[in-house]
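Accompanying notes for the structure given below.
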Amino acid sequence: MVHQYKLANYNIVLDSCSGGIHVVDDIAYDIIASFEKDSKDNIIKNISEKYVNGNDITLKDIEECYMQIEELKEMGKLFTEDSFESMAGKLKEKTSGVVKALCLHIAHTCNLNCEYCFASQGKYHGERAVMSFEVGKRALDFLVENSGTRRNLEVDFFGGEPLMNFDVVKQLVAYARSIEKEHNKNFRFTLTTNGLLIDDDVIEFANKECANVVLSLDGRKEIHDRFRVDYAGNGSWERIVPKFQKLVVARGHKNYYMRGTFTHANPDFLKDIQQMLDLGFTELSMEPVVCAPGDPSELTKEDLPIVLEQYEKLAELMLKRDEEGKPFTFYHYMIDLTGGPCIYKRISGCGSGTEYMAVTPWGDLYPCHQFVGEEEYKLGDIWNGVTNKKAQCEFASCNVYARPDCADCWAKLYCSGGCAANAYHSTGSVTGVYKYGCELFKKRMECAIFVEIVRKLKSKQ
Amino acid sequence: MKHIETIETRNLCESAKHGGCGECQTSCQSACKTSCGIANQQCENKESK
Chain Y
6 MVHQYKLANY NIVLDSCSGG IHVVDDIAYD IIASFEKDSK DNIIKNISEK YVNGNDITLK
66 DIEECYMQIE ELKEMGKLFT EDSFESMAGK LKEKTSGVVK ALCLHIAHTC NLNCEYCFAS
126 QGKYHGERAV MSFEVGKRAL DFLVENSGTR RNLEVDFFGG EPLMNFDVVK QLVAYARSIE
186 KEHNKNFRFT LTTNGLLIDD DVIEFANKEC ANVVLSLDGR KEIHDRFRVD YAGNGSWERI
246 VPKFQKLVVA RGHKNYYMRG TFTHANPDFL KDIQQMLDLG FTELSMEPVV CAPGDPSELT
306 KEDLPIVLEQ YEKLAELMLK RDEEGKPFTF YHYMIDLTGG PCIYKRISGC GSGTEYMAVT
366 PWGDLYPCHQ FVGEEEYKLG DIWNGVTNKK AQCEFASCNV YARPDCADCW AKLYCSGGCA
426 ANAYHSTGSV TGVYKYGCEL FKKRMECAIF VEIVRKLKSK Q
Chain R
144 MKHIETIETR NLCESAKHGG CGECQTSCQS ACKTSCGIAN QQCENKESK
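Protein chains in written order, with our numbering: chain Y, 6 to 466; chain R, 144 to 192.
Next comes the structure, spelled out in structure tokens:
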């Protein structure tokens with residue numbers, strides 16, 4: 006499956022199934038577009054009529070170009086067939102029963118009252134609660150017991166606002182460190198916080214123990230404070246920005262993400278990214294809002310072209326800042342073309358409900374943090390393990406090829422079928438497709454690959 | 144005349160021979176929590192690439 010696009014004077018050709026990426030001139034771009042639809046003679050005739058001008062482009066050039074494309078096809082770098090379907094369930098079969106990551110809902114409560122929160126102010130449509138040390142400890146034991154030979158175990162402290170239960174967070178990390186050696190495990194902790202409770206103690210802890218911290222900031226003050234308010238209705242921007250700056254400096258400006266959400270209120274989110282840069286942050290993530298259909302913050306059809314344009318401008322800004330010696334990272338544009346995931350990972354789909362689960366303050370297990378509160382998807386609990394096998398099967402069989410809508414999509418080996426929660430919330434099925442999200446994802450991939458191409462070509466010069 | 148510049152990438156068909164160790168990160172654990180794919184992940188099996 007071949008995907009072609011033009012971005013900032015670059016003609017880019019992706020061969021989805023081999024992972025091949027080519028930068029081509031106009032002649033090659035047009036030949037590739039017709040290659041599988043017409044005969045060689047017709048293609049050469051048509052392309053010659055368009056390009057041969059008696060000066061610098063000759064018929065021989067066109068024929069040579071055609072041959073180069075044939076050679077790439079023979080080498081398995083263009084027009085590669087999709088032959089992976091039979092392998093789709095293999096990775097999940099092989100690792101069946103192995104859990105390698107938990108999202109610990111350490112606090113189902115929050116000190117902010119953000120209107121757009123998918124977790125309904127941390128309560129997940131339920132009661133306010135915090136996780137006890139005993140529940141958290143059992144969750145860590147459950148993870149160790151079910152992780153098989155897997156060494157690296159990921160645990161995210163999530164909420165609500167996890168720092169509202171910081172003492173338990175610290176106790177759990179101490180407990181994990183006390184057992185990891187005897188079990189030959191390595192815990193990687195992450196913390197997702199709104200920042201209000203960050204102090205020197207939190208900074209020291211996060212920098213010592215957390216492989217990554219995710220800091221919620223929506224960018225411009227007026228955008229951030231529109232939604233991210235406390236229960237008195239006061240914005241939080243002024244209070245959290247200095248704390249984030251202090252934490253990031255103490256962290257050596259690495260292993261964190263400044264994570265923003267953009268909504269219908271700011272489809273022009275590049276201004277918010279610029280604000281983050283102006284504040285000295287360089288590891289950035291800006292996410293489209295996840296909300297119920299019809300919610301006032303929902304991105305609309307009219308917002309789509311604006312958002313797509315913002316993604317292109319973001320790519321251009323990254324390259325400009327590279328040249329100025331002021332590079333920054335955008336989470337969704339991180340793509341390692343030579344060291345990315347293998348094909349098994351690419352077709353297996355998200356690991357939610359199988360290798361990744363969320364744990365509520367009461368010890369219930371859900372397929373992921375976005376399913377918490379959806380009773381039919383409650384998988385079991387940390388004492389008895391997964392008992393709702395029907396629900397787990399649904400997630401285990403969730404892969405790229407389980408989604409008919411993905412069959413002809415060039416991006417399927419970059420998204421692995423996308424987010425099951427987004428699919429469920431927009432279509433009612435975990436194997437559905439959240440089409441608006443697909444449009445955004447495809448644009449992000451085009452831009453990410455473009456940025457990487459430009460960087461690679463410049464480094465060659 | 145050079146019409147095509149091929150960028151170095153991991154060959155996905157080749158990765159079928161040695162991949163599938165399962166040590167890599169779960170999809171949306173570390174950063175976005177809402178709209179992740181797998182494109183920005185790293186392979187953790189340095190010998191299989």
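The C-beta atom is built at its ideal place from N, Cα and C for all residues, glycine as well.
Enclosing beta strand (DSSP E) for L168(Y) [first to last residue]: First-last for L168(Y): undefined, no H or E at that position.
Contact check, L319(Y) vs L284(Y), beta carbons under 8 Å: no
Range covered by the alpha helix (DSSP H) that runs through D146(Y): F138 to E150
Whole-number beta carbon distance between L418(Y) and S21(Y), since they are thought to touch under 8 Å: 6 Å
Expected contact under 8 Å - CB spacing of R244(Y) and L201(Y) to nearest Å: 6 Å
Range covered by the beta strand (DSSP E) that runs through T149(R): I147 to I150
Under 7 Å from the C-beta of D30(Y): neighbouring residues of chain R: H146
Interface flag, F446(Y) vs chain R, CB-CB below 8 Å: yes
Among K186(Y), A124(Y) and F147(Y), nearest to L370(Y) - alpha-carbon criterion: F147(Y)
Residues, ordered as in the chain, of the segment 338–359 of chain Y that lie near chain R by beta-carbon distance below 9 Å: Y338, M339, I340, D341, L342, T343, G344, G345, P346, C347, I348, Y349, K350, R351, S353, G354, C355, G356 and S357
Three-state secondary structure (DSSP) of I17(Y): strand
CB contact check: E159(Y) to chain R, cutoff 8 Å: yes
Option in K50(Y), M450(Y) and P301(Y) with minimal Cα separation from L19(Y): M450(Y)
CA-to-CA distance, K160(R) to T432(Y), given in whole angstroms: 36 Å
Cβ neighbour criterion (16 or more within 10 Å) applied to T154(Y): exposed
Contact under 8 Å by Cβ, N260(Y) with N217(Y): yes
E444(Y), DSSP secondary structure in three states: helix
For S357(Y) and A426(Y), the rounded distance between their alpha carbons: 9 Å
Where M339(Y) falls: helix, strand or coil (DSSP): coil
Distance, T436(Y) Cα to A363(Y) Cα: 20 Å
For L275(Y), the first and last residue of its enclosing alpha helix (DSSP H): L275 to D283
Contact set between H27(Y) and chain R, taken where Cβ atoms lie within less than 8 Å: I147, E148, T149 and I150
Other residues of its chain near K448(Y): CB distance less than 6 Å, five sequence neighbours each side excluded: L313 and Y316
Chain C contact for R225(Y) (CB, 8 Å cutoff): No chain C is part of this structure, whose protein chains are labelled Y and R.
Simplified DSSP state of E159(Y), which is helix, strand or coil: strand
Neighbouring residues, chain R, relative to C22(Y) (Cβ below 7 Å): L155
contact_flag[the segment 279–296 of chain Y, the segment 327–334 of chain Y] where n(CB pairs < 8 Å) is 3 or more: yes
Beta-carbon spacing of E120(Y), S353(Y) below 8 Å: no
Close beta carbons around K192(R), own chain, < 7 Å, minus the five adjacent residues each side: In this prediction, K192(R) scores a pLDDT of 47, lower than 50, which makes its location untrustworthy; the coordinate-derived value is nonetheless stated afterwards. Excluding residues within five positions, the ones whose Cβ falls inside 7 Å are R153 and C186.
Enclosing beta strand (DSSP E) for S88(Y) [first to last residue]: Segment: none, S88(Y) is in no beta strand (DSSP E) and carries neither H nor E.
Limits of the beta strand (DSSP E) - the one that T197(Y) falls within: N191 to T198
Whether L211(Y) touches G164(Y) by CB criterion (8 Å): One detail in the question is off: residue 211(Y) reads as Ala in this sequence, not Leu. No, Cβ-Cβ distance for A211(Y) and G164(Y) is not below 8 Å.
Inter-residue Cα distance where the pair is K145(R) and K65(Y): 13 Å
Closer than 8 Å to chain R by CB, Y361(Y): yes
Contacts around I278(Y), its chain only, beta-carbon distance under 7 Å, and the 5 residues preceding and following it disregarded: G224, L289, M291 and L319
8 Å Cβ cutoff met for N183(R) and M339(Y): yes
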